[in-house]
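Visitor: Numbering (my numbering), first residue to last: 126 to 584. Every residue gets a Cβ at the ideal spot worked out from N, C-alpha and C, and that includes glycine. First, the structure itself, so that you have it in front of you.
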């Protein structure tokens, strides 16, 4: 009888959990007869999903509920983390972090609400001191030398492996330290392509790291000092449902679901949270007025999953069939893929949906406005100067709209020519999305099995 290896998978944050829960990865892990998986997430709703798959589920440590001393430690760790992120980004001189400090107070307040250290106070004192950064990281670890709830979890499960879905998140630290103290190997994953150049230091030392692309692997080596032999490029997990979906909606069915006639064409705007797309409603209103002058042409606005104010921002624009506003949707990635696949073009202010569009070979148009009535560092154009975007834009796979007139010209060209920008998208897929074959989940399972000391899959 095969030995069953028990593993713990920690997924902090809704977007990281979505990528594992909605891409078929956890279903594949559940089918491995010699693996027993315990999933740790912050959302109680994930418990039902995990149990339907036959996986165990445990809640993550939180800043609310439980013992008061534990709440204090979680909050203190988070504040130390913000100070560490500020210093790491300052030491590396990341452009996005520098720009953020020069943004208006309103945008910095929105960024702080989203967990971004957008105020200089987080860098006081010695903002660019490596020794200060080391001290902060040591202090943060000292808070979690012992943590009774995590210790009990590890003692009860006795895992052969800890898998961490986001290596730059403060809430995973107690689990990583518990694994280290017990000599349990750690497999880390980079949660999103922007994280190496925006989210601060790696708070977890992993024996192996799964990266989405050669570009991300290079950033881990260049900015975080990760040895190349510790990094494995597996691809973008969230691309699996796009390039190899279980089903593909017929165009007429998709249009019907949007309340549009079979002859309609549409442009899809994938919005961002307010701090990243603060002037999207104005752009959408003006573009909708232009599209309304064309026969059977609509603007479809897909609200970002993390946009808490989407109704206030876009609700007044909803006027089918000219403008269709879709509320936030986190789990159904196949529906998002269908909406992209049948669009004539996809627009976004530096959202990763532009990469989804390139993966499905649809024209991707970046909202990169230089609005002179805005503070220089508040303008959408600054987003594309950040390291991860600048590297991608250089390849030409994303079309840049610097003004409303630019946007309307590019949209009209895309309506006439669905192949607009196709050569650049080929380069983008090769350099930033490969391997793009729908098999990322399989490679991830194989990496987990190997890290847990198992042979190739028996399923």
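I want to know whether the region 495–508 touches the region 227–242 - three or more CB-CB distances under 8 Å.
Guide: Segments in contact, yes.
Visitor: Would you decide whether residue 436 is buried or exposed? Buried here means 16 or more other CB atoms lie within 10 Å of its CB.
Guide: That one is exposed.
Visitor: If you reduce the DSSP assignment to three classes, tell me which class residue 148 lands in.
Guide: coil
Visitor: Quick check: the region 323–343 against the region 355–370, are at least 3 beta-carbon pairs closer than 8 Å?
Guide: yes
Visitor: Touching or not, the region 136–153 and the region 312–320, by the rule of three or more beta carbon pairs under 8 Å?
Guide: yes
Visitor: Ends of the alpha helix (DSSP H) at residue 197?
Guide: 193–217
Visitor: When we look at the beta-carbon of residue 457 and count the other beta-carbons within 10 Å, is it buried (16 or more) or exposed?
Guide: exposed
Visitor: Tell me residue 444's beta-bridge partners as DSSP assigns them.
Guide: 448
Visitor: Can you tell me which of 515, 510 and 539 puts its alpha carbon nearest to the alpha carbon of residue 487?
Guide: Looking at the Cα atoms, 539 is the closest of the given residues.
Visitor: Which runs of the alpha helix (DSSP H), 4 residues or longer, sit entirely within the region 384–419?
Guide: The region 384–419 contains these whole alpha helix (DSSP H) runs: 405–416.
Visitor: With C-beta atoms as the reference, is residue 471 less than 9 Å away from residue 395?
Guide: It is a contact, given that the beta carbons lie within the stated cut-off.
Visitor: Which residue wins for smallest C-alpha separation from residue 282, given the options 483, 131 and 455?
Guide: 131
Visitor: For residue 489, name the three-state secondary structure that DSSP assigns.
Guide: strand
Visitor: Using 8 Å as the threshold, is the region 177–185 in touch with the region 158–167, meaning 3 or more CB pairs across them?
Guide: yes
Visitor: Hey, out of 324, 544, 280 and 558, whose CA is closest to residue 361's CA?
Guide: 558
Visitor: Quick one: residues in its chain with C-beta nearer than 6 Å to the C-beta of residue 438, no 5 flanking neighbours on either side, listed in chain order?
Guide: 406
Visitor: Based on the DSSP output, what are the partners of residue 313 in its beta bridges?
Guide: 289 and 334
Visitor: Between the Cα of residue 464 and the Cα atoms of 370, 508 and 537, which residue gives the shortest distance?
Guide: Looking at 370, 508 and 537, the one whose alpha-carbon comes closest to that of residue 464 is 370.
Visitor: Over the uninterrupted alpha helix (DSSP H) stretch that includes residue 182, give me the two end residues.
Guide: No alpha helix (DSSP H) contains residue 182, which is instead part of the beta strand (DSSP E) from 181–184.
Visitor: Looking at the secondary structure, which residues open and close the beta strand (DSSP E) in which residue 461 lies?
Guide: Segment 458–466 is the alpha helix (DSSP H) holding residue 461; no beta strand (DSSP E) there.
Visitor: Indicate the three-state DSSP secondary structure (helix, strand or coil) for residue 323 in the structure shown.
Guide: coil
Visitor: Whose CA, out of 248, 177, 217 and 390, lies closest to the CA of residue 211?
Guide: 248
Visitor: Have a look at 419, 365, 399 and 469 and flag the residue whose alpha-carbon is nearest the alpha-carbon of residue 560.
Guide: 365
Visitor: Would you mind reading off the limits of the beta strand (DSSP E) that contains residue 357?
Guide: First-last of the beta strand (DSSP E) with residue 357: 356–358.
Visitor: Using beta-carbon positions only, say whether residue 102 and residue 525 come within less than 9 Å of one another.
Guide: Nothing about residue 102 can be read from this structure; the chain reaches only from 126 to 584.
Visitor: Ignore the nearest five residues each way along the sequence and tell me which others in residue 455's own chain have a CB closer than 7 Å to its CB.
Guide: 139, 143 and 430
Visitor: Residues in the same chain with beta-carbon distance under 6 Å from residue 305, minus the five sequence neighbours each way, listed in chain order, please.
Guide: none
Visitor: Report the partner residues of residue 422 according to the DSSP bridge assignment.
Guide: 390
Visitor: Apart from the five residues on each side of it in sequence, which residues of its chain come closer than 6 Å, Cβ to Cβ, to residue 292?
Guide: The beta carbon of residue 292 sits closer than 6 Å to the beta carbons of 313, 327 and 329 from its chain, once the five residues preceding and following it are set aside; these are given in chain order.
Visitor: If you run the structure through DSSP and keep just helix, strand and coil, what is residue 577?
Guide: Residue 577 sits in coil when the DSSP states are folded into three classes, being neither helix nor strand.
Visitor: Check for me: the alpha helix (DSSP H) holding residue 341 runs from which residue to which?
Guide: Counting along the chain, the alpha helix (DSSP H) containing residue 341 begins and ends at 339–349.
Visitor: If contact is defined by three or more beta carbon pairs under 8 Å, each pair taking one atom from either stretch, is the region 250–265 in contact with the region 546–554?
Guide: no
Visitor: On the CB-based measure, 16 or more other CB atoms within 10 Å of its CB, does residue 295 come out buried or exposed?
Guide: buried
Visitor: Taking 9 Å as the cut-off, decide whether the C-beta atoms of residue 460 and residue 397 are in contact.
Guide: no
Visitor: If you draw a straight line from the alpha carbon of residue 399 to that of residue 175, how long is it in whole angstroms?
Guide: Residue 175 has its alpha-carbon roughly 31 Å from the corresponding atom of residue 399.
Visitor: Could you check what DSSP says for residue 170 in three-state terms: helix, strand or coil?
Guide: coil
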